[in-house]
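Trainee:
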Amino acid sequence: MVSFTTLLTLAAGALAAPAPADTQSPPQQVLPAGYPNPWAWHVEDFEAGCVRSGCYYRFNLSVPATEAYPQGGKYSCSGTENGEFGNENTFEDCSIVGDDNAATAAAKLGRRINSEPPKQLYVSFLKPGSAADQTNPYNFTAITTDWTYNAFVAVDEEFDVYPTIWQQYPLPQSKVA
């Protein structure tokens, strides 16, 4: 038979356990041919916080390979608010982890509104183009609010982001010697 004290201890433990992070459901993505739908980029070890000088973020990003870009990439991203309060922040490049030939990734926090900390995280990935292969470069961007300022108070978060904005650029020009 289970004692009342044991039941009370179990109930208190259940209430104290952290709730799982909400996960963003895949949006309706309209992507170029060769990209899966949904195309999820995985964010892990996410930490964000605010100090007197502004807010910051750090996380690891995995962009999976696709038919159109079989390389994919892994990145370490970190940055701070780099605009004046209330102004737009600029993208900061992420460091490539592993394959030095991986494409470029970058991230930034959204802007402050009414002196509230930024609520949006922008993650961008540039797939290079090739004149030799006749492939256009593309820039993909995911915007998410599926995170919290968790520094000093909670464990690092893990979630997926989904690119919903993309832009095709002209073919790179061949260099003539």
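Under mature numbering (1 follows the signal peptide of the UniProt record, and there is no 0), the residues of the sequence shown are numbered -16 to -1, 1 to 161, in order.
We put the CB at the ideal spot given by N, CA and C, even for glycine.
All figures in this text were calculated on a predicted structure; none of them were measured in a lab.
Would you report the Cα separation of Asp140 and Leu105, rounded to the nearest angstrom?
Mentor: Approximately 15 Å between the Cα atoms of the pair.
Trainee: Would you list the one or two residues that DSSP bridges to Leu45?
Mentor: The partner list for Leu45 (beta bridge, DSSP) reads Val27 and Tyr59.
Trainee: When the distance is taken between beta carbons, is Tyr153 closer than 8 Å to Pro101?
Mentor: No, the pair does not count as a contact, with Cβ atoms beyond the cut-off.
Trainee: Is it true that the CB of Leu93 sits closer than 8 Å to the CB of Tyr41?
Mentor: Contact flag set, yes.
Trainee: Hey, could you find the ends of the beta strand (DSSP E) Tyr153 is sitting in?
Mentor: It is not in any beta strand (DSSP E) - Tyr153 carries neither H nor E in the DSSP assignment.
Trainee: Grab me the residues of Asn66's own chain with a C-beta within less than 6 Å of its C-beta, minus the 5 sequence neighbours each way, in chain order.
Mentor: The residues are Asn73 and Thr74.
Trainee: So is Ser62 in contact with chain B if we call contact Cβ pairs under 8 Å?
Mentor: Absent from the structure is chain B; it holds one protein chain and no more.
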